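Below: the structure, in structure tokens.
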Amino acid sequence: MTLSNGRSYLAIPGPSVVPDRVLNAMHRASPNIYEGPLHDIVDSIFPDLKALARSSGNVAIYIGNGHAAWEASLVNIFSRGDKALVLATGAFGFGYAEAAKGLGIDVSILDFGRRTGIDLTQLTDVLKADRNHEIKAVMAVHTDTATSIRNDISALRGCLDDCGHPALLMVDCIASLACDRFEMDGWGVDVMVAASQKGLMTPPGLSFVWFNDRAAAAHGSAGLVTPYWNWTPRTESGEFFRKFCGTAPTQHLYGLREALDMILHEEGLETVWARHQKLAQAVWAALSRWGQEGPLRANVSDQSLRAHAVSSVSIGAPHGRLLRQWLEQNTGVTLGIGLGMATPQDPDSDGFFRIAHMGHVNAHMTLGVLSAIEAGLIALDIPHGSGALSAAAEMVASA
Ligand SMILES: *Cc1c(COP(=O)(O)O)cnc(C)c1O
5 MTLSNGRSYL
15 AIPGPSVVPD
25 RVLNAMHRAS
35 PNIYEGPLHD
45 IVDSIFPDLK
55 ALARSSGNVA
65 IYIGNGHAAW
75 EASLVNIFSR
85 GDKALVLATG
95 AFGFGYAEAA
105 KGLGIDVSIL
115 DFGRRTGIDL
125 TQLTDVLKAD
135 RNHEIKAVMA
145 VHTDTATSIR
155 NDISALRGCL
165 DDCGHPALLM
175 VDCIASLACD
185 RFEMDGWGVD
195 VMVAASQKGL
205 MTPPGLSFVW
215 FNDRAAAAHG
225 SAGLVTPYWN
235 WTPRTESGEF
245 FRKFCGTAPT
255 QHLYGLREAL
265 DMILHEEGLE
275 TVWARHQKLA
285 QAVWAALSRW
295 GQEGPLRANV
305 SDQSLRAHAV
315 SSVSIGAPHG
325 RLLRQWLEQN
335 TGVTLGIGLG
345 MATPQDPDSD
355 GFFRIAHMGH
365 VNAHMTLGVL
375 SAIEAGLIAL
385 DIPHGSGALS
395 AAAEMVASA
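Using the numbering used here, read the sequence shown as starting at 5 and increasing by one per residue.
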């Protein structure tokens with residue numbers, strides 16, 4: 005017998021759960037695109053996007069997913085053959101690097117593996133060796149959604165400054181924005197990319213590039229920029245249709261407006277961050293208890309390097325795949341796959357899974373996912389430590 009009927013829960017790290025309020029806001033007849041409420045909504049979205057990133061710079065909106073934002077950020081900065089340094093702590097770092105390579109950018113990658121953060125000593129060595137300052141930008145991912153490593157972006161800026169290196173700092177916050185604290189101005193980030201379908205609780209289809217004045221200055225010599233991707237006409241001062249280089253993503257904008265209201269004007273960004281932190285700690289408490297016996301382990305052992313939006317878990321092949329299948333078939337919960345975690349012994353990443361706790365999630369959803377996992381561990385006879393659910397509940401109770 006299956007107990008999966010009822011509301012299903014996609015607990016993968018993107019697309020995340022879309023609030024009914026956001027869906028309802030999108031459920032409307034096509035609005036007038038020449039004047040009226042849609043224009044007002046768009047005018048209100050730009051300052052809110054900046055508030056979300058703690059940025060006093062500019063932001064461009066694209067119809068596209070995270071990969072579109074990657075490409076947009078790159079073409080507005082680089083010319084073919086320019087040098088970029090990518091700091092990789094998981095599959096998304098390599099993805100950003102691939103996007104750059106595909107555009108003819110000369111990319112070098114510092115690979116820090118899949119279980120720990122960026123090593124500033126190694127970065128310092130590379131920056132100091134670049135005496136002629138040929139590296140135009142250093143690219144990093146705030147939360148790598150594959151490994152659930154969260155990098156210290158402020159420390160990266162400190163490292164660039166200490167080395168006296170003028171490279172731009174470009175950061176992918178697709179999985180961290182509105183989940184983990186991020187301070188674009190305060191941390192000295194020059195370019196930042198995000199997308200609608202993760203912490204922003206809106207269906208996939210919108211992505212964003214924030215940039216400061218340093219980045220805008222570099223844009224002047226960017227040889228890769230094309231009319232569609234050019235960020236300048238898209239900033240808030242442009243004519244309405246130029247903000248989207250064509251037809252606006254009408255219903256998506258209504259959805260985004262609702263989501264920004266919920267995050268910024270109702271719950272409040274600091275509270276949203278605190279909620280994510282507490283729910284993450286509940287997940288970690290369960291992972292730690294389960295791991296006291298048997299094969300289950302949090303991918304990142306150092307808690308200060310763990311994302312608040314997603315947890316990657318190793319459990320040994322084929323347990324990861326079997327657990328995901330069991331949960332979907334029997335509980336209505338879909339967990340994330342082990343992305344980029346393949347090893348020669350486990351080429352299909354069957355020994356991994358990921359739990360999303362990003363965006364529109366609360367205590368009962370997170371405790372529910374954890375309970376469903378516990379049921380799966382029991383049903384599949386996977387050895388595990390006891391007390392995980394009470395440990396998670398205690399964390400919630402201490403909120
Ligand atoms: C999801 C994600 C992406 C890719 O986004 P798509 O919308 O799938 O193109 C890139 N970077 C990070 C950190 C992500 O979490």
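Ideal placement from N, C-alpha and C gives every residue a C-beta, glycine not left out.
The model shown is predicted, which means the values in this text are computed figures rather than measured ones.
Status (buried if at least 16 other CB within 10 Å, exposed otherwise) for residue i
i      : result
TYR232 : exposed
ILE386 : buried
HIS312 : buried
MET5   : exposed
ILE157 : buried
GLY40  : exposed
PHE248 : buried
GLN201 : buried
ARG328 : buried
LEU160 : buried
ALA221 : exposed
Euclidean distance between Cα positions of residue i and residue j
i      : j      : result
VAL409 : HIS146 : Examination of residue 409 is not possible in this model, given that the chain is present from 5 through 403 alone.
ALA379 : VAL195 : 43 Å
ILE49  : ARG261 : 6 Å
GLU405 : ALA133 : The question about residue 405 has no answer here: the residues shown for the chain are numbered 5 through 403.
GLU332 : LEU326 : 10 Å
ALA141 : ALA95  : 19 Å
ASN136 : CYS167 : 13 Å
SER375 : SER402 : 19 Å
LYS105 : SER225 : 19 Å
HIS364 : PRO299 : 30 Å
ALA302 : THR230 : 43 Å
ARG154 : ASN9   : 35 Å
THR128 : ILE377 : 42 Å
LEU164 : ASP184 : 22 Å
LEU107 : ARG293 : 46 Å
PRO35  : HIS223 : 34 Å
VAL193 : PHE245 : 28 Å
VAL46  : GLY227 : 29 Å
GLN307 : ASP352 : 27 Å
PRO348 : VAL90  : 25 Å
ALA103 : HIS71  : 8 Å
Cut-off 6 Å between Cβ atoms - residues of its own chain near residue i, not counting five sequence neighbours on either side
i      : result
HIS169 : LEU131
ILE67  : PRO253
ALA263 : VAL26, LEU204, MET205, THR206
ALA76  : TYR66, VAL213, TRP233
Cutoff 8 Å; reference residue i; Cβ partners in own chain excluding five residues on either side
i      : result
LEU371 : ALA286, LEU393, ALA396, ALA397, VAL400
ALA346 : ASP352, SER353
Cβ-Cβ separation, residue j to residue i (assumed contact under 8 Å), whole Å
i      : j      : result
SER180 : VAL304 : With a Cβ gap of about 14 Å, SER180 and VAL304 do not count as contacting.
ALA199 : ILE178 : 5 Å
ALA57  : MET188 : 5 Å
ALA113 : ALA252 : Going by the sequence as given, residue 113 is Ile instead of Ala. Between ALA252 and ILE113 the Cβ distance is about 37 Å, and since that is not below 8 Å, they are no contact.
VAL197 : ALA73  : 4 Å
ASN69  : SER211 : 6 Å
SER20  : MET369 : Contact doesn't hold; Cβ gap of about 11 Å is too wide.
LEU343 : ALA92  : 13 Å between Cβ atoms; not a contact.
MET266 : PRO23  : 7 Å
ASP86  : ILE109 : 6 Å
ALA383 : ASP350 : Rounded, the Cβ-Cβ distance is 22 Å, inconsistent with contact.
ALA367 : VAL276 : No, ALA367 and VAL276 are not in contact; Cβ-Cβ is about 14 Å, not under 8 Å.
GLY97  : ASP148 : 6 Å
Own chain residues within Cβ distance below 7 Å of residue i, not counting five before or after
i      : result
GLU297 : PRO387, HIS388, GLY389
LEU268 : ASP52, ALA55, LEU56
So, does the segment 164-177 touch the segment 68-83, judging by three or more C-beta pairs under 8 Å?
yes
Contact between the segment 6-23 and the segment 341-360 is defined here as three or more beta-carbon pairs at a separation below 8 Å; is this criterion met?
yes
Would the segment 321-338 count as touching the segment 189-207 if we require 3 or more Cβ pairs under 8 Å?
no
Could you tell me whether the segment 50-63 touches the segment 215-230, where touching means 3 or more Cβ pairs closer than 8 Å?
yes
Three or more C-beta pairs below 8 Å linking the segment 272-286 and the segment 236-245:
no
Between the segment 112-130 and the segment 244-257, can you find at least three pairs of beta-carbon atoms closer than 8 Å?
no
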